[in-house]
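A.B. asks: Supplied in structure tokens, the structure appears directly below.
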Amino acid sequence: MSTDDPSPPAAIDDRPYSRPELISDAVVHFAALVLAVGAVPVLIVLTAIWRGDAPGIVGVTLYGVTLIGMLVASLAYNHLPRPEWREWLRRLDISAIYFKIAGTYTPFTLLSKAGWGMLSAIWSVAILATLGNLLIRWRSPVVGIVICLAMGWAVVLGGRDLMAQMSRPVLVLMLVGGGLYSLGTLFLLLERMRFHNTIWHVFVVAASTVFFVAVFLHAARTA
1 MSTDDPSPPA AIDDRPYSRP ELISDAVVHF AALVLAVGAV PVLIVLTAIW RGDAPGIVGV
61 TLYGVTLIGM LVASLAYNHL PRPEWREWLR RLDISAIYFK IAGTYTPFTL LSKAGWGMLS
121 AIWSVAILAT LGNLLIRWRS PVVGIVICLA MGWAVVLGGR DLMAQMSRPV LVLMLVGGGL
181 YSLGTLFLLL ERMRFHNTIW HVFVVAASTV FFVAVFLHAA RTA
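Residues 1 to 223 in the UniProt record's numbering are what the sequence shown spells out, letter by letter.
Given below as structure tokens:
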């Protein structure tokens, strides 16, 4: 996903994005970032008021930091006009997604005092996948997508004790969020489709919003 022209980034298949594609994708990124920067402090403050305990506050703070970090990394990778940075920004982008997935697990475990084994495993995978991402150049995005999907859906197979602590609305939101992410990856892979990158990021923002609501409801319920 590189180009010799510093103005328009190119897609994975080296198809240059058109100006409307770039503008629409930038709007999605900036809107999501503004919402996250505004919503995360509210979540942290409310959790502190509701619970007043360090684990809960640390959990939602770490989640918020990884959420904002993912959006910043994605914005930088997709829209910084610096071709010489493209490869490292790509690696930063996927690594930020690994950490955001792990960050999403964190508040549920720290708020519920359950799922410690799952949380440890997910953070271990995030760290190891990031190290692999920094040391090995995977030319295909499929490897990173498979790792992300496996991390996200691992709770269904190995997180029954954690899921048992979630209310039905939170469980439904988690499934909807995971489904949105999974469906969105199909558009990420449709590289020759116009606006595929914008559509993918719309799914990411929608799923992130659903997960944010799930974390918010879980924090309120466990207060």
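Note that beta-carbon positions come from the ideal geometry of N, C-alpha and C, so glycine has one too.
1. Under three-state DSSP, which class holds Pro83?
2. In its own chain, which residues sit with a C-beta less than 6 Å from the C-beta of Ala26, not counting the 5 before and 5 after it?
3. Go through its chain and collect everything with a Cβ distance to Ile94's Cβ below 7 Å, but skip five positions before and after it.
4. Need the endpoints of the alpha helix (DSSP H) that Ala129 sits in, please.
5. Work out the CA separation of Arg221 and Leu111 for me, nearest whole Å.
6. Counting C-beta neighbours from all protein chains within 10 Å, is the total for Trp116 16 or more, i.e. buried, or is it exposed?
7. Is Pro20 near the ligand NAP - that is, is its Cβ less than 8 Å away from at least one heavy atom of it?
8. Does the pairing of the stretch 40-50 with the stretch 203-223 give three or more beta-carbon distances under 8 Å?
9. With a threshold of 7 Å on Cβ separation, who are the neighbours of Tyr63 within its own chain once the five nearest residues in sequence on each side are excluded?
10. Would you call the CB atoms of Val204 and Tyr181 closer than 9 Å?
11. Distance check for Ala114 and Leu92, CA to CA, integer angstroms please.
12. Ignoring anything shorter than 4 residues, give me the alpha helix (DSSP H) runs that lie fully in the stretch 14-73, in order along the chain.
C.D. replies: Taking the structure as given:
1. Your numbering for residue 83 matches position 83 in the sequence shown. In the structure shown, the three-state DSSP call for Pro83 is helix.
2. Taking the first residue of the sequence shown as 1, we reach residue 26 at position 26. Around Ala26: His79.
3. As a first step, residue 94 is located in the sequence shown; it is residue number 94 there, counting from the start. So the qualifying residues of the chain are Asn133 and Gly144.
4. Position 129 of the sequence shown, counted from the first residue, corresponds to residue 129. First-last of the alpha helix (DSSP H) with Ala129: Trp116 to Leu135.
5. For the purposes of this step, residue 111 is taken as the residue at position 111 of the sequence shown. For the purposes of this step, residue 221 is taken as the residue at position 221 of the sequence shown. Between Leu111 and Arg221, the C-alpha separation is close to 10 Å.
6. Here the question's residue 116 lines up with position 116 in the sequence shown. Residue environment analysis places Trp116 among the exposed positions, since fewer than 16 neighbouring C-beta atoms fall within 10 angstroms of its C-beta.
7. Although the ligand NAP was asked about, the structure shown includes no ligands whatsoever.
8. Yes, they touch.
9. Position 63 of the sequence shown, counted from the start, is the residue given in the question as residue 63. Apart from the 5 residues on each side of it in sequence, Tyr63 sits with its Cβ closer than 7 Å to the Cβ of Gly103, Thr104, Thr106, Pro107 and Val215 in its chain, given in chain order.
10. Residue 204 sits at position 204 when you count from the first residue of the sequence shown. Residue 181 sits at position 181 when you count from the first residue of the sequence shown. Yes.
11. Stepping through the sequence shown from its first residue, residue 92 is reached at position 92. Stepping through the sequence shown from its first residue, residue 114 is reached at position 114. Taking the straight line joining both Cα atoms gives about 30 Å.
12. Whole alpha helix (DSSP H) segments, 4+ residues: 19-50.
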